[in-house]
Amino acid sequence: MAADDTAGRTPEPEPSASAGSDASESSEAPGREAQIIGGSETTIGSAPWMAQLWYYDDTTGIGFFCGGSVVSPTKILTAAHCVDKNSYDWGRYGAVVTGTDQLPTAVYNDDGSLNHMDYHGGTVTQLSRQWNHTSYNEAKIDNDIAVLTLRAPVKATPIKMTTSTDTASYAAGTKARVYGWGRTSSTSDDISQTLKTAEMPVVSDTTCANFWGDYFIKGHMVCAGKPSGGTDATTTASCNGDSGGPLVWNNRVIGVVSWGVTDCVYQGAYPVFAKVSNYVGVTQPRVDDTNISRDDKADVFLREKSTGTGYVRDSGGSSLASRESLNSYGSWKGYNLVQQTDLNRDGYQDYVLRRSSDGDVFWRRYVPSTKTWTTSQIFDNWTTRTRILTPGDVTGDALPDLLSVDSAGALWIYPGKGTGSFATRVKVGTGWNQYNAVLGHGDFTGDGKADLIARTKTGSNIYLYKGNGKSGTGAFAARIKVRSNWSGFNALVTPGDVSGDGRADLLARTTGGTLYLYKGTSKATSEIFSSRVSLGTGYGQYDLLG
1 MAADDTAGRT
11 PEPEPSASAG
21 SDASESSEAP
31 GREAQIIGGS
41 ETTIGSAPWM
51 AQLWYYDDTT
61 GIGFFCGGSV
71 VSPTKILTAA
81 HCVDKNSYDW
91 GRYGAVVTGT
101 DQLPTAVYND
111 DGSLNHMDYH
121 GGTVTQLSRQ
131 WNHTSYNEAK
141 IDNDIAVLTL
151 RAPVKATPIK
161 MTTSTDTASY
171 AAGTKARVYG
181 WGRTSSTSDD
191 ISQTLKTAEM
201 PVVSDTTCAN
211 FWGDYFIKGH
221 MVCAGKPSGG
231 TDATTTASCN
241 GDSGGPLVWN
251 NRVIGVVSWG
261 VTDCVYQGAY
271 PVFAKVSNYV
281 GVTQPRVDDT
291 NISRDDKADV
301 FLREKSTGTG
311 YVRDSGGSSL
321 ASRESLNSYG
331 SWKGYNLVQQ
341 TDLNRDGYQD
351 YVLRRSSDGD
361 VFWRRYVPST
371 KTWTTSQIFD
381 NWTTRTRILT
391 PGDVTGDALP
401 DLLSVDSAGA
411 LWIYPGKGTG
421 SFATRVKVGT
431 GWNQYNAVLG
441 HGDFTGDGKA
451 DLIARTKTGS
461 NIYLYKGNGK
471 SGTGAFAARI
481 KVRSNWSGFN
491 ALVTPGDVSG
501 DGRADLLART
511 TGGTLYLYKG
521 TSKATSEIFS
531 SRVSLGTGYG
541 QYDLLG
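Its first residue numbered 1, the sequence shown is counted upward by one per residue in the UniProt record's numbering.
In structure tokens, the structure reads:
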């Protein structure tokens, strides 16, 4: 296989990663590349979610270019061969450019020295962390999916990933489109200065496997495009430098540019993409993973009963660090509910609080521009709401929602707008007053959709309500009993992915004050949680956990 940064010369159709392109003559690529041959130029207005991924390590001389998609203001979906944690440190040597359809150009002084880089209206953002699929296989270019986290949110309009149950997008002949700045010719390593796009009809798995044989892994990969014609003039295909960019249909990312033939035009070949529907279950938790310490593990909020002081205990995966005061965020006194969330998806931890005196509900959030915390009201007089929860994206529109149970036992969805405001509420159903706990934060079943956990008043049984990514009566599947007689716990908490493995977890406090971590397994059965892990004692001093 040819590395992504080199055009290569092989007479046989061996696969070559379509991902990155050299950023300099001395650079090396991550091993897979691609860019668009054929197609046409397009504008950032037509693809506002497109991102340029630039990597250069001046200590080793390794540099390359990849594409990516903004799937949240602080999240970039791309290919694992661009991100590979074993080879590249994106937090130190990487940068992302959004908001422009042009690659940066250098502006020089009269003496030939560099004056500045012109980003053509784009924004340069540094990165805080990287994640690639834990089963990424470099040799097979398998599980070629990754997520980069930006240090600050960008203004680029995000694009949604397709769902885990999507089949229509992958029907043979579906007219998807690929986007990128990759190579535009099989005879030149130069990438395109201007963003390009091309229509790439989806190819059946059978057709793809007939050409690629064992290189093609059904379910993990999808082919698109017409068979290459052997020359630039007879080919429309992704090529080196397009790696990590999106294959789009129906305003959703259905594929990520992964690999293809060396030089991209070998007769009869099809470009290959990572099949996004197969990976939503592992990528979505990396997109919606905001937490107080801004790493990849959900932290625990605690309010001390005697003083009203709010604390955070940072997650270490299977343990919690010493508590730290959150009083600089504002007062935590006078509230009877605190929920962790990120209503505006800016990558900073938010809180939803209900005031005890009048039931008013507030949104407490961090404002990066002023580096301060602000609290604003979002609902009035919710005293009679027996449950208020922030499970994430319930409706499937990639925006966080809020749910509540009213005094009559009806469950309502308040579809989030991504601004801390909500659309008109939608009724899910009734009978939810049979539970003394309804909670959730993230995906418990591994399909990328937000689920709910509920405990009955009678019998203290635990039920799973699997999310369908829809609104209204179809929002959740029929309940599944996953635990019996949890009466020994006086508090259940779902902060999100506490362990950092990409699965939603649950915390349970005993009447004696011991807090246990139940790590999620992504199984919608009685095995939904692994064996519990003690997080310590003394938690009876806290009257609010979130």
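Backbone N, C-alpha and C define an ideal beta-carbon position, used for all residues, glycine too.
Euclidean distance between Cα positions of residue i and residue j
i, j, result
"GLY446", "ASN381", "36 Å"
"PRO391", "GLN284", "13 Å"
"PRO227", "GLN267", "7 Å"
"THR395", "ARG455", "23 Å"
"TYR539", "LYS417", "35 Å"
"ARG32", "VAL124", "A caution first: ARG32 carries a pLDDT of 35, below 50, which makes its placement in the model unreliable, though a value can still be read off. Distance between the alpha carbons of ARG32 and VAL124: 24 Å."
"ASP342", "THR511", "30 Å"
"THR322", "ASP314", "Checking the sequence, you will find Ser at residue 322 rather than Thr. If you take the alpha carbons of SER322 and ASP314, they lie about 7 Å apart."
"GLN35", "GLN193", "Any reading at GLN35 must be qualified, since the residue scores a pLDDT of 43, below 50, and its modelled position is unreliable; the value itself is stated next. GLN35 and GLN193: Cα-Cα distance of roughly 12 Å."
"SER530", "THR234", "55 Å"
"SER460", "SER487", "5 Å"
"ALA408", "VAL300", "31 Å"
"ASP497", "THR525", "19 Å"
"HIS220", "VAL282", "13 Å"
"TYR56", "LYS85", "15 Å"
"TYR335", "ALA95", "41 Å"
"VAL261", "THR236", "13 Å"
"ARG364", "SER376", "7 Å"
Classification of residue i by the beta-carbon crowding that lies within 10 angstroms, buried from 16 upward
i, result
"VAL107", "exposed"
"LEU114", "exposed"
"MET50", "buried"
"VAL367", "exposed"
"ARG92", "exposed"
"SER369", "exposed"
"ASP543", "exposed"
"GLY184", "In the sequence as presented, Gly is not what sits at residue 184; that position holds Thr. So THR184 counts as buried."
"ASN485", "exposed"
"LYS75", "buried"
"ASP289", "buried"
"HIS116", "exposed"
"ASN143", "buried"
"GLY472", "exposed"
"GLU28", "Because GLU28 sits at a pLDDT of 38, beneath the cut-off of 50, its placement in the model cannot be relied upon, and the following sentence gives the value as read from the coordinates. When all chains shown are included, GLU28 counts as buried."
"ASN109", "exposed"
Contacting residues, own chain, Cβ-Cβ under 6 Å from residue i (five flanking each side not counted)
i, result
"ALA491", "ARG509 and LEU545"
"PRO48", "ALA156 and THR157"
"SER26", "Its pLDDT being 32, under 50, SER26 is placed unreliably in this model, and the coordinates cannot settle the point."
"GLY520", "PHE444, ARG503, ALA504 and ASP505"
"VAL533", "SER318 and LEU517"
"residue 549", "Because the chain is modelled from 1 through 546, residue 549 falls outside the range shown and cannot be assessed."
"VAL178", "ALA198, MET200, SER238 and LEU247"
Reference residue i, options the options, closest by Cα
i, options, result
"GLY241", "GLY416, CYS82 and ILE462", "CYS82"
"TYR329", "ARG345, VAL312, HIS116 and SER318", "VAL312"
"ASN436", "SER471, ILE388, GLY121 and ARG354", "ILE388"
"ASN327", "MET161, THR458 and LEU302", "LEU302"
"GLY68", "GLU199, THR235, ILE191 and VAL257", "VAL257"
"GLY474", "PHE64, LEU506 and VAL428", "VAL428"
"ALA80", "GLN340, ASP401, VAL265 and TYR279", "TYR279"
"ILE37", "LYS155, ARG129 and THR197", "THR197"
"ASP118", "ASP110, SER128 and THR105", "THR105"
"ALA224", "SER318, ALA172 and GLY317", "ALA172"
"THR430", "LEU439, THR419, TYR414 and ASP406", "ASP406"
"ILE141", "LYS218, GLY488, GLY500 and LYS305", "LYS218"
"ASP401", "VAL352, THR167, TRP373 and ASP205", "VAL352"
"THR372", "ASP350, GLY359, VAL361 and ILE378", "ASP350"
Residue range of the beta strand (DSSP E) that includes residue i
i, result
"PHE64", "62 to 72"
"TYR93", "No beta strand (DSSP E) holds TYR93; the alpha helix (DSSP H) holding it covers 90 to 93."
"THR174", "THR174 -> no beta strand (DSSP E), and no H or E assigned at all."
"HIS81", "Unbroken run through HIS81 is the alpha helix (DSSP H), 80 to 83; no beta strand (DSSP E)."
"SER404", "401 to 405"
"GLN377", "372 to 379"
"GLU304", "300 to 304"
"ASN327", "ASN327 -> no beta strand (DSSP E), and no H or E assigned at all."
"VAL493", "489 to 496"
First through last residue of the alpha helix (DSSP H) which encompasses residue i
i, result
"SER277", "276 to 287"
"ALA209", "205 to 212"
Contacts around residue i, its chain only, beta-carbon distance under 7 Å, and the 5 residues preceding and following it disregarded
i, result
"residue 611", "The question about residue 611 has no answer here: the residues shown for the chain are numbered 1 through 546."
"THR419", "ASN344"
"SER46", "none"
"PHE211", "GLY268, ALA269 and TYR270"
"GLY276", "Note that residue 276 is Val in the sequence shown, not Gly. Correct list, in chain order: MET161, THR162, VAL253, ILE254, GLY255 and VAL256."
"ILE413", "VAL394, THR395, ASP401, LEU403, ARG425, VAL426, VAL428, SER471 and ALA475"
"GLY39", "LYS196, THR197, ALA198 and THR236"
Residues near residue i by beta carbon distance below 8 Å, same chain, minus five either side
i, result
"GLY99", "ILE44, PRO48, GLY121, GLY122, THR123, VAL154, LYS155 and ALA156"
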